[in-house]
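In UniProt numbering, the protein residues as written are 1 to 826.
The next block holds one structure in the form of structure tokens; read it before the comments.
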């Protein structure tokens, strides 16, 4: 049996596409729109077995009314030109109420559907778990009321005189420039200012770029996460003797998240000449003074801590380009700001310190001129290592150590509690990193908070993270790209903001694995607690039931206090008893991510089904299930299921809401049931072993498949693919170690294919020329092929060149080529 491996990788290199309509950001309501899509299926779909029954069909009028009210409210929210209205306190509260009411409506609908499924399920007789009646009158009435109040608030807002608008909130989002308030982080700034370890080479690179020949004004950017030493590096270059000699005038301005034109002018003028009298000058006079000081001079200006492209567009007007060889240095956490300032200028990404550099810095700060005692070297190096290369963390720890006794036992204890020490530094690390969080646009905040649920020091599979974001409803469809491509934009935005670290790339250059710096993860955890984003269960496990009960009750009490609807996510790194999560009231657990290796979750799920009925995300990838619990098939609202099983039960095919199904098995292969095509919303199917795919009764909407075996030999392979409707959305096709000689496929079979990979198919004689005509095809990648296949690739290249398709990339990995195959000349 020879497998055909079909896998998906992300492609989009574009920055995040932010879908703005007049008056608001629809990204805030991605989850509401996902619920509306579900309502549309309930209203219009007749080919989904699980919803095509009388109890559900008779409720279509109610679904229709709810959909219309949600749609009307969405249109009301986003069809107003007055952006200022959306900072009006009353409107902000109404928006929160609307989102909470939409969540409540979803719970009502989902509980009703669960009740119907229980009633008709052949394994259980628990129809009394939920009422099989549906009443949406109250939530529909609430939505209408919110809409009326919104329109009233709009009228009131229009009547208000601008001088009387006292309810406005300051706008501090990424896309909005506000009034100046230089951040008060003196303590943390001072901690960083004197850091000099590990940046000598960086300083040389920046200095050489600044003093090189070139008359036009040039921009050099230093980019990195908060606390990495960007300001320190800029100051080291700014005070370098050769740089001081090279430039006639030098100035420094700190922009921060919010800024004011007058404040910035005063800052830069004061740094150029401290004797200037500036307080009484008007803005135009300040601008004129700055122009006179810089005119026809070779100047160096450092613009420290800039957060937005808009800020740069306004600042650059202050600095003339007189062909004198002047330079500007930017420091920023945002790659997109650096690219915007000078697309072809030097963008220097500051790296983390090595373990040796961290240790050297720790010694310098903790012991000053003294040597580190020999008995403290080992625990001291561990402390430095646990700072994970962040200079600010090292300095904070050095300050803590300097105040403690030089005891080996104490230092060993401290080495295990580095995060606690850093978090307790009120004006230090976390506050510095927190600026990045507060600067995030709203649609990225949930994506960032989700990182707090990932086990510490683990590598993140980028594709899996995006699928989880999709299932949680964080990603908004823009009508132009797939949710995965949009999610890739979100991920790259977090990378560009230095909140995610890229660890490994695919051959295409896309992110395969990424990681979160421990301090960033700690920030995500802390903010997640403030927002009640996760119910996080970690050791110690004693009294676990009481702890969880108290936390869940706290959420519910908060719900009653602020009259909003709460949906709960639970993440755990240890074994838990399912009873500790169960309560008799209405279920609110929507996500459960288990990172332990036990099987207790499914032992008695049917008995406590009501507490888990509304799950959207279930990650049991690390919990091997010896016996698959049929009650899992009742979790019909699951969008994401990651599971470890030995056999693939057909009952999984009842989960019609599934978007992503990732299977892990200890077996070498697994047989899929023919009813797999009932998963009408399934887009991503993956397994760590071979999945034997039977004949499918109807087309599926799969966009990615991994490790799928389609049959034995040439005939079966052909038969599986002359069916043109099978994989209409597939983006990557990987053929690995097949003993076939011919491949019959064309653009009809794979109209959305972006990448074709042929790996170790030494008998395959050619790639069909027709595949080159696929308009979406971007790359053909070949490893270890025969000579005739290489000839077919040359023909494809020639044919595509003739029609002007120069964008198609053909890559041949020559490392394992047999000697009979001619090598590429170029």
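Glycine residues also receive a C-beta, built at the ideal position from the N, C-alpha and C atoms.
It should be emphasised that the depicted structure is a prediction, and the values quoted were computed from it without experimental measurement.
Quick check: what's the CA-CA separation for residue 273 versus residue 283? Translated into positions along the chain shown, residue 273 becomes position 273. Translated into positions along the chain shown, residue 283 becomes position 283. If you draw a straight line from the Cα of residue 273 to the Cα of residue 283, it comes to about 17 Å.
With respect to the alpha helix (DSSP H) encompassing residue 447, which residues constitute its N-terminal and C-terminal limits? Counted from its first residue, the chain shown places residue 447 at position 447. Its alpha helix (DSSP H) spans residues 442 to 449.
Distance, residue 77 Cα to residue 83 Cα: Counted from its first residue, the chain shown places residue 83 at position 83. Counted from its first residue, the chain shown places residue 77 at position 77. Bear in mind that the predicted position of residue 83 carries a pLDDT of just 49, short of 50, making it too unreliable to give a figure here.
Beta-carbon gap between residue 663 and residue 644 smaller than 9 Å: Along the chain shown, read from residue 1 onward, the residue named residue 663 stands at position 663. Along the chain shown, read from residue 1 onward, the residue named residue 644 stands at position 644. For residue 663 and residue 644, yes; Cβs fall inside 9 Å.
Which same chain residues, not among the five before or five after residue 777, have their C-beta less than 8 Å away from its C-beta? Locating residue 777 in the chain shown gives position 777, where the first residue counts as 1. Within the same chain, Cβ atoms closer than 8 Å to the Cβ of residue 777 are found at 753, 754, 755, 756, 771, 808, the five residues on either side in sequence being excluded.
Applying the criterion that 16 or more other CB atoms from any shown protein chain within 10 Å of the CB defines a buried residue, is residue 152 buried or exposed? Within the chain shown, residue 152 is the residue found at index 152, counting from 1. Classification of residue 152: exposed, given that the 10 Å Cβ count is below 16.
Helix, strand or coil at residue 438 [DSSP, three-state]: Indexing the chain shown from 1 puts residue 438 at position 438. Looking at residue 438 - three-state DSSP - the assignment turns out to be helix.
Could you pull out every unbroken alpha helix (DSSP H) segment of at least 4 residues lying fully inside the region 782 to 815, listed in chain order? Counting whole runs of 4 or more residues, the region 782 to 815 contains the alpha helix (DSSP H) stretches 787 to 802.
Contacts around residue 219, its chain only, beta-carbon distance under 6 Å, and the 5 residues preceding and following it disregarded: Counting from one through the chain shown, the residue named residue 219 turns up at place 219. Same-chain partners within the cutoff: 328, 341, 342, 345.
7 Å Cβ shell around residue 698 - same chain, five flanking residues per side excluded: Within the chain shown, residue 698 is the residue found at index 698, counting from 1. Excluding residues up to 5 positions away in sequence, 677 lie with their Cβ nearer than 7 Å to the Cβ of residue 698 in the same chain.
Between which two residues does the beta strand (DSSP E) holding residue 43 run? Here residue 43 refers to the residue found at position 43 of the chain shown. It is not in any beta strand (DSSP E) - residue 43 instead sits in the alpha helix (DSSP H) that spans 30 to 44.
Have a look at residue 232 and residue 73 and give me their C-alpha separation to the nearest angstrom. In the chain shown, counting from the first residue as 1, residue 232 sits at position 232. In the chain shown, counting from the first residue as 1, residue 73 sits at position 73. Going by the C-alpha atoms only, they are around 50 Å apart.
Pick helix, strand or coil for residue 141, following the three-state DSSP scheme. Residue numbering aside, residue 141 sits at position 141 when the chain shown is read from its first letter. Looking at residue 141 - three-state DSSP - the assignment turns out to be helix.
Does residue 236 pass the burial test, meaning 16 or more other C-beta atoms within 10 Å, or should it be called exposed? As a working mapping, residue 236 is identified with position 236 in the chain shown. Around the CB of residue 236, 16 or more other CB atoms lie within 10 Å, so the residue is classed as buried.
Which same chain residues, not among the five before or five after residue 516, have their C-beta less than 6 Å away from its C-beta? For the purposes of this step, residue 516 is taken as the residue at position 516 of the chain shown. Once the five neighbours on either side are set aside, the close Cβ partners of residue 516 are 451.
C-alpha distance - residue 731 paired with residue 382, whole-angstrom precision: On the chain shown, position 731 is the one that residue 731 refers to. On the chain shown, position 382 is the one that residue 382 refers to. Cα to Cα, residue 731 sits roughly 45 Å from residue 382.
Can you name the residues that DSSP bridges to residue 513? Here residue 513 refers to the residue found at position 513 of the chain shown. Bridge partners of residue 513: 461, 504.
Three or more C-beta pairs below 8 Å linking the region 46 to 56 and the region 492 to 507: Cβ pair count under 8 Å is below three, so no.
Please classify residue 813: is it buried, with 16 or more other beta-carbons within 10 angstroms of its beta-carbon, or exposed? The residue labelled residue 813 in the question sits at position 813 within the chain shown. Exposed: under 16 other Cβ atoms inside 10 Å.
Along the chain, where does the beta strand (DSSP E) that runs through residue 221 open and close? By 1-based counting over the chain shown, the position of residue 221 is 221. It spans 218 to 223 - the beta strand (DSSP E) in which residue 221 sits, taken as one unbroken run.
In DSSP terms, what residue 536 is bridged to: The residue you call residue 536 lines up with position 536 of the chain shown. According to DSSP, residue 536 bridges with 571.
Just how far apart, CA to CA, sit residue 444 and residue 523? Translated into positions along the chain shown, residue 444 becomes position 444. Translated into positions along the chain shown, residue 523 becomes position 523. In a straight line, the C-alpha of residue 444 is about 15 Å away from that of residue 523.
Can you tell me where the beta strand (DSSP E) with residue 251 in it begins and where it stops? Stepping through the chain shown from its first residue, residue 251 is reached at position 251. Taken as a continuous stretch (DSSP letters only), the beta strand (DSSP E) holding residue 251 covers 249 to 256.
Please determine, among 410, 688, 228, the residue with the shortest C-alpha to C-alpha distance to residue 358. For this step, residue 358 is matched to residue 358 along the chain shown. Selection 410, 688, 228 evaluated against residue 358 yields 228 as nearest (Cα-Cα).
Grab me the residues of residue 321's own chain with a C-beta within less than 8 Å of its C-beta, minus the 5 sequence neighbours each way, in chain order. Position 321 of the chain shown holds residue 321. So the qualifying residues of the chain are 216, 217.
Skipping 5 residues on each side, what residues in its chain have a beta carbon closer than 8 Å to that of residue 324? Walking along the chain shown from the start, residue 324 turns up at place 324. These residues qualify, in order along the chain: 215, 296, 297, 298, 299.
8 Å Cβ shell around residue 373 - same chain, five flanking residues per side excluded: Within the chain shown, numbered from 1, the residue matching residue 373 stands at position 373. So the qualifying residues of the chain are 406.
Three-state secondary structure (DSSP) at residue 481? Start at 1 with the first residue of the chain shown, and residue 481 comes out as number 481. Of the three classes helix, strand and coil, the one that applies to residue 481 here is coil, per DSSP.
Starting from residue 347, trace the beta strand (DSSP E) in both directions and tell me its first and last residue. Looking up residue 347 in the chain shown gives position 347. Segment 346 to 349, the beta strand (DSSP E) holding residue 347.
Classification of residue 455 by the beta-carbon crowding that lies within 10 angstroms, buried from 16 upward: Position 455 of the chain shown, counting from 1, holds the residue named residue 455. Note on residue 455: under 16 other CB atoms within 10 angstroms of its CB, so exposed under the neighbour-count rule.
Enclosing alpha helix (DSSP H) for residue 678 [first to last residue]: Stepping through the chain shown from its first residue, residue 678 is reached at position 678. Where residue 678 is concerned, there is no enclosing alpha helix (DSSP H), given that its DSSP letter is neither H nor E.
Would you report the Cα separation of residue 436 and residue 119, rounded to the nearest angstrom? If you number the chain shown from 1, residue 436 lands on position 436. If you number the chain shown from 1, residue 119 lands on position 119. When rounded, the distance between both Cα atoms is 49 Å.
DSSP puts residue 642 in a beta bridge; with which residues? Here residue 642 refers to the residue found at position 642 when the chain shown is read from its first residue. Paired residue(s): 619, 662.
Is the CB-CB distance between residue 465 and residue 491 below 9 Å? For the purposes of this step, residue 465 is taken as the residue at position 465 of the chain shown. For the purposes of this step, residue 491 is taken as the residue at position 491 of the chain shown. The criterion of a C-beta distance shorter than 9 Å is satisfied by residue 465 and residue 491.
Three or more C-beta pairs below 8 Å linking the region 204 to 212 and the region 235 to 254: Contact holds: three or more Cβ-Cβ distances are below 8 Å.
Would you kindly work out how many angstroms separate the C-alpha atoms of residue 792 and residue 705, rounded to a whole number? Taking the chain shown and counting its residues from 1, one reaches residue 792 at position 792. Taking the chain shown and counting its residues from 1, one reaches residue 705 at position 705. If I take the Cα positions, the gap works out to 26 Å.
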